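All residue numbers for the sequence shown refer to our numbering, where the first residue is 149 and numbers rise by one. What follows is a set of notes on a single structure, which appears directly below.
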Amino acid sequence: FRESTGTLLAGLTDLKHIVARFSDFAKMPRPELLPVNLNQVVGNAMKLFDAQLSSAGIRAEVELAQDLPAARADAEQIGRALRNLVLNAVDAMPDGGTLTVRTLAHEGAVRLEVSDTGEGLTPEECERLFTPYYTTRTHGTGLGLAIVQSVVSDHGGRISVASAPGQGTTFRIDLK
C-alpha cells in the first residue's frame with residue numbers, strides 16, 4: 149500500500165508540473181518592453197543555478213560584454229527564457245561539462261548566447277526543437293523551447309540554434 153501510494157504521489161507531482169507548464173504556455177502575458185540591462189538579467193538568473201551546476205559537475209563561464217546597450221525587453225520574461233535554456237543545457241550534460249552564457253552587441257542588436265558541451269543535436273532535431281510538445285528527453289513536456297521561442301518572438305527578436313552530435317549546442321537570442 150505504501151509503495152503504491154508513493155508511486156501515485158510521484159505521478160501526481162509529475163502531472164502537476166506538466167499542467168503548470170501547459171498553463172504557463174497558454175497564458176503568456178504580453179511583454180512590458182522597457183530598457184533592460186541584459187547583463188543584469190544574466191547575473192540574476194545564473195545566481196539561481198550555482199548549487200545545481202556545482203553538484204552536476206558543470207563549470208559555468210559567464211562572459212558579459214562591457215558597455216552593452218540596453219535591450220527593449222521584459223526582464224522577467226527574458227529571465228524565464230534564459231532559465232529554460234540553462235535547464236536544457238544542464239540536462240544535455242549528465243556527466244558534467246561547461247556551460248557558457250555570454251552577452252554581446254551584434255549587428256545592431258543585443259545577443260544572448262547559451263552554450264553547452266553536451267551531447268549535441270542532429271540537424272533533424274534542431275529543425276523540430278521549437279515545436280510545442282517535441283522533446284528529445286524521456287521526461288518533460290516539450291514546452292520549454294516553445295516558451296522560449298514565444299517570448300523571443302513577442303519581443304520582436306530572433307532565436308537560433310547551432311549544434312551537432314558530440315559537439316554541444318549553442319542557442320542565440322537577438323533583441324533590439
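Using N, Cα and C, we set each Cβ at its ideal position, and we do this for glycine too. Owing to the predicted nature of the structure, the values given are computational and were not obtained by experimental measurement.
Taking only the alpha-carbon atoms, compute the straight-line gap between G159 and P217 and give it to the nearest angstrom. As a working mapping, residue 159 is identified with position 11 in the sequence shown. As a working mapping, residue 217 is identified with position 69 in the sequence shown. Going by the C-alpha atoms only, they are around 46 Å apart.
Which term fits M241, buried or exposed, when burial requires 16 or more other beta carbons within 10 angstroms of its beta carbon? Residue mapping note: residue 241 aligns to position 93 of the sequence shown, counting from 1. Buried.
Per DSSP, the bridge partner or partners of A253: For the purposes of this step, residue 253 is identified with residue 105 of the sequence shown, where counting begins at 1. For A253, which the question treats as bridged, DSSP gives the partners V258.
Going by alpha carbons, who is nearest to Q214 out of R231, Q188 and E224? Within the sequence shown, residue 214 is the residue found at index 66, counting from 1. Answer by Cα proximity: Q188.
Among all the DSSP beta bridges, which residues are the ones paired with D264? Position 116 of the sequence shown, counted from the start, is the residue given in the question as residue 264. According to DSSP, D264 bridges with L247 and T317.
At which residues does the beta strand (DSSP E) containing R306 begin and terminate? For the purposes of this step, residue 306 is identified with residue 158 of the sequence shown, where counting begins at 1. Element bounds for R306: R306 to A312.
Based on Cα-Cα distance, which residue from K324, G316 and T153 lies nearest to N236? Within the sequence shown, residue 236 is the residue found at index 88, counting from 1. Nearest of K324, G316 and T153 to N236, Cα basis: G316.
Flag this pair as yes or no: are the beta carbons of S308 and G268 separated by less than 8 Å? Position 160 of the sequence shown, counted from the first residue, corresponds to residue 308. Position 120 of the sequence shown, counted from the first residue, corresponds to residue 268. No, these two residues do not count as a Cβ contact at 8 Å.
Does the pairing of the stretch 150 to 157 with the stretch 201 to 213 give three or more beta-carbon distances under 8 Å? no
A294 to A193, Cα distance in whole Å? The residue given as residue 294 occupies position 146 in the sequence shown. The residue given as residue 193 occupies position 45 in the sequence shown. So the alpha carbons of these two residues sit roughly 19 Å apart.
Which of helix, strand or coil DSSP assigns to L186: Working through the sequence shown from its first residue, we reach residue 186 at position 38. Of the three classes helix, strand and coil, the one that applies to L186 here is helix, per DSSP.
Rounded to whole angstroms, what's the CA-CA distance from E224 to P271? Just pull it up for me. Within the sequence shown, the letter at position 76 stands for residue 224. Within the sequence shown, the letter at position 123 stands for residue 271. If you take the alpha carbons of E224 and P271, they lie about 31 Å apart.
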